[in-house]
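**Q** The structure follows.
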Amino acid sequence: MSEKREEVVSEALKAEEEQRSSWHILTLEGDLVPVDEFNYKGYKGLQTFSGYEVDKDRTVNQVPPHVTLMKSLELVDYEPASDPGNMRYYPKGRMMKALLEDYVTGMIHDYGGMEVETPIMYNMNHPTLANYLNRFPARQYTIEHDDDKYFLRFAACFGQFLMAHDATISYRDLPLRIYELTKYSFRREQRGELVGLRRLRTFTMPDVHAMCRDLPQAKKEFKRRYKLVRDTLGGIGFENDEFELGIRTTEEFYKKNKRFIQSMVKQHGKPALVEMWKERFFYFVLKYELNFIDALGKASALATDQIDVENGERYDITFMEEDGHEKHPLILHCSPSGAIERDIYALLEKAHMGMAKGVRPSLPLWLAPTQVRMIPVNEGHVKLAMDYAKKLSGGKVRADVDDRGETVQKKIRDAEKEWIPYIVVLGEREVGAEKVPVRVRSDGKLHKMSLKELGSEIKKQVRGKPYRPLPLPMSVQGRPKFVG
RNA sequence: GCCUCGGUAGCUCAGUGGCCAGAGCGGCAGCCUUGUAAGCUGUUGGCCGCGGGUUCGACUCCCGCCCGGGGCUCCA
């Protein structure tokens, strides 16, 4: 995911490229249909993604829903004192982002990725990088001091490739899987392209590379990683049918690997958009992304994987073949979740789209800043509420207490506005009672259950997901208001 | 970067070339002692985005800049 077409190529090359690339829809049956001849009935998302729209006017004159939500939920906000596209994260947003980071990292550990850490800035005059960088002249952040000039990385490729260059690698070590969560990747995107959490100049991206021995091994690994991608996105809280698959490849690679590419489409379960080049202009021969369509009909890529045939040589990464000869590996570049910020964007957009269908918006339970809100009827019940919240917290459930002097109704309203999944009102009736009334957001009903039952219900739903404690004081009274 | 729309209280927004610039929410104080989506009263709060210009006078008109939305199909 390191290189981006627009930044790589000049205007002239771009024009040439437009001429030579063709766009198709690859069906489940394996037919390649030109984009403007495909019948999009039943494939609205794909139609939006392929850009083939009857309504030419795509002007959207409103703030993207996730921008409003990221503020009103006190997750993320703009930071005017920074460069645009650099955000500030409030406690709830930071917790959510940290959980996503932990989760994706865990998934990549399970897949076999060896986690490393590499510098975020590099010398522009480094011989290998200079060659690579000359293709990205205008879009980097640069830092100068004394006589040296540095650039901020736009992905983890640099550090990992330089590390691999210096490593002694045997064919037995392949596929060699290296992982880093880039915090951050920097891309000085055009000002007008920046939007909320969808497109940033500074973002967090898991970047896992796999050095492979040859094409058969690369293809096998590619498949394995496709599963990693699907599992990761699914675990975050997305459904498969929320994504449109985009595939980029060359005519030659497609011809030789037709069945392989078709199998990807089958795995995806829906027709996919294919961009086909007459010749290879970039370092990869095959790339795919899973694209999310938001509430305003904008598509953005989340997960991606690529087969890189060029950088093994450019960075002089070698491994010893069985026959004693050194060879350059093929390199797969994958981000199983896409940018973490973009995951939050997609979760918020998804919640907003649900609202239109009459579904109460919510975040996945494991990401909810508060999972259980205790609401004491009056101050006499605050202690009980605190005891209960502490008990739940001891079992790694995020519970807090609205101890403000507001009415029960007001406190419930505020809890609902925060999308809190479970709300418990505690008054005289609950003193000494085993079961308490739990207001469940997903069905809007009251359920009588014991504290223990509530705790295990939540634990059951978040099984396998990382945990972080409450990002704010347990007492709602003792919290500052970060937004509004 | 270019085109376009916008920036007024912490938030959402109204307003006029001229008295002290407004509302709701929030914050704070007090009352109420609350039972499943907003209890009542009072009070606080604004270089009207920043800089410059026109004018007797600018929040209002003009220019520049900054920030945000949309577009220029770009990607994670």
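In terms of the working numbering, the numbers along the first sequence are unbroken and rise by one, the last being 905.
Idealized CB from N, CA, C, for every residue including glycine.
Taking 8 Å as the cut-off, does the segment 785–792 touch the segment 628–644 (at least 3 CB pairs, one atom from each stretch)?
**A** With a cut-off of 8 Å, the segment 785–792 and the segment 628–644 do not count as touching, because too few Cβ pairs lie within range.
**Q** Starting from the N-terminal side, write out each stretch of the alpha helix (DSSP H) that is 4 residues or longer and does not extend beyond the segment 473–519.
**A** Those alpha helix (DSSP H) runs which fall completely within the segment 473–519 and span 4+ residues are 486–493.
**Q** Express the C-alpha separation of residue 542 and residue 558 in angstroms, rounding to a whole number.
**A** Position 137 of the first sequence, counted from the first residue, corresponds to residue 558. Position 121 of the first sequence, counted from the first residue, corresponds to residue 542. Confidence is the limiting factor: at residue 558 the pLDDT is only 40, short of 50, which leaves the residue's position unreliable, though a coordinate-based value still follows. Cα-Cα distance, rounded: 15 Å.
**Q** What does a CB cutoff of less than 6 Å around residue 427 pick up in its chain, not counting 5 residues either side in sequence?
**A** Within the first sequence, the letter at position 6 stands for residue 427. Confidence at residue 427 is low in this model, with a pLDDT of 33, below 50, so its placement is unreliable and no value can be given for it.
**Q** Quick one: is residue 689 buried, meaning 16 or more other Cβ sit within 10 Å of its Cβ, or exposed?
**A** Locating residue 689 in the first sequence gives position 268, where the first residue counts as 1. Per the 10 Å Cβ criterion, buried.
**Q** Kindly indicate which three-state DSSP category residue 705 falls into: helix, strand or coil?
**A** Within the first sequence, the letter at position 284 stands for residue 705. Looking at residue 705 - three-state DSSP - the assignment turns out to be strand.
**Q** Figure out for me which residue from 716, 814, 591, 703 has the closest Cα to the Cα of residue 483.
**A** Position 62 of the first sequence, counting from 1, holds the residue named residue 483. When each option's Cα is compared against that of residue 483, the closest is 716.
**Q** Note down, in chain order, each residue of its chain lying with its Cβ closer than 7 Å to the Cβ of residue 442, except the 5 sequence neighbours on either side.
**A** The residue you call residue 442 lines up with position 21 of the first sequence. Closer than 7 Å at Cβ, skipping near neighbours: 696, 697, 698.
**Q** Which residues in the same chain have their Cβ closer than 6 Å to the Cβ of residue 550, if we skip the five residues on either side of it in sequence?
**A** Position 129 of the first sequence, counted from the start, is the residue given in the question as residue 550. Counting only Cβ-Cβ distances below 6 Å, and skipping sequence neighbours, we find 543.
**Q** Can you find the residues in the same chain that come closer than 6 Å, C-beta to C-beta, to residue 731, ignoring five residues on each side of it along the sequence?
**A** Here residue 731 is taken as the residue at index 310 of the first sequence, counted from 1. 704, listed in sequence order.
**Q** Spatial neighbours of residue 529 within its chain, please: CB distance less than 7 Å, with the 5 preceding and 5 following residues excluded, ordered by chain position.
**A** As a first step, residue 529 must be located in the first sequence, where it is residue number 108. If we look at residue 529 and ignore the five residues flanking it on each side, its Cβ neighbours are 600, 627, 629, 757.
**Q** Give a yes or no on contact between the segment 746–757 and the segment 641–656, applying the rule of three or more CB pairs nearer than 8 Å.
**A** Result yes; three or more Cβ-Cβ pairs closer than 8 Å.
**Q** Rounded to whole angstroms, how far is the Cβ of residue 791 from the Cβ of residue 841, which I believe are closer than 8 Å?
**A** As a position in the first sequence, residue 791 is number 370, starting the count at 1. As a position in the first sequence, residue 841 is number 420, starting the count at 1. Sure, about 5 Å apart at Cβ, within 8 Å.
**Q** Just the C-alpha distance for residue 576 and residue 608, rounded to the nearest angstrom, thanks.
**A** Residue mapping note: residue 576 aligns to position 155 of the first sequence, counting from 1. Residue mapping note: residue 608 aligns to position 187 of the first sequence, counting from 1. For residue 576 and residue 608, the distance between alpha carbons rounds to 9 Å.
**Q** Along the chain, which unbroken stretches of the beta strand (DSSP E) at least 3 residues long are found entirely within the segment 532–619?
**A** With a minimum length of 3 residues, the continuous beta strand (DSSP E) runs that stay inside the segment 532–619 are 542–544, 563–566, 569–573, 597–607.
**Q** Hey, quick one: how far does the alpha helix (DSSP H) through residue 792 stretch, first residue to last?
**A** The count along the first sequence starts at 1 and reaches residue 792 at position 371. Neither: residue 792 is in no alpha helix (DSSP H) and is coded neither H nor E.
**Q** Answer yes or no: do residue 847 and residue 805 have a C-beta to C-beta separation smaller than 9 Å?
**A** Mapped onto the first sequence, residue 847 falls at position 426. Mapped onto the first sequence, residue 805 falls at position 384. The answer is yes: Cβ separation under 9 Å.
**Q** Looking only at its own chain, which residues have a Cβ that is under 7 Å from the Cβ of residue 750, when we skip the five neighbours before and after it?
**A** Residue 750 sits at position 329 when you count from the first residue of the first sequence. Cβ neighbours of residue 750 beyond the five flanking positions: 595, 632, 633, 634, 733, 738, 740.
**Q** Please classify residue 712 as buried or exposed, where buried requires at least 16 other C-beta atoms within 10 Å of its C-beta.
**A** The count along the first sequence starts at 1 and reaches residue 712 at position 291. Buried is the call here.
**Q** Have a look at residue 499 and residue 759 and give me their C-alpha separation to the nearest angstrom.
**A** Within the first sequence, residue 499 is the residue found at index 78, counting from 1. Within the first sequence, residue 759 is the residue found at index 338, counting from 1. Approximately 21 Å, taken between the alpha carbons.
**Q** Curious, which full-length beta strand (DSSP E) runs of at least 3 residues does the segment 846–900 contain?
**A** Taking only runs of at least 3 residues, the beta strand (DSSP E) segments lying wholly in the segment 846–900 are 856–861, 866–871.
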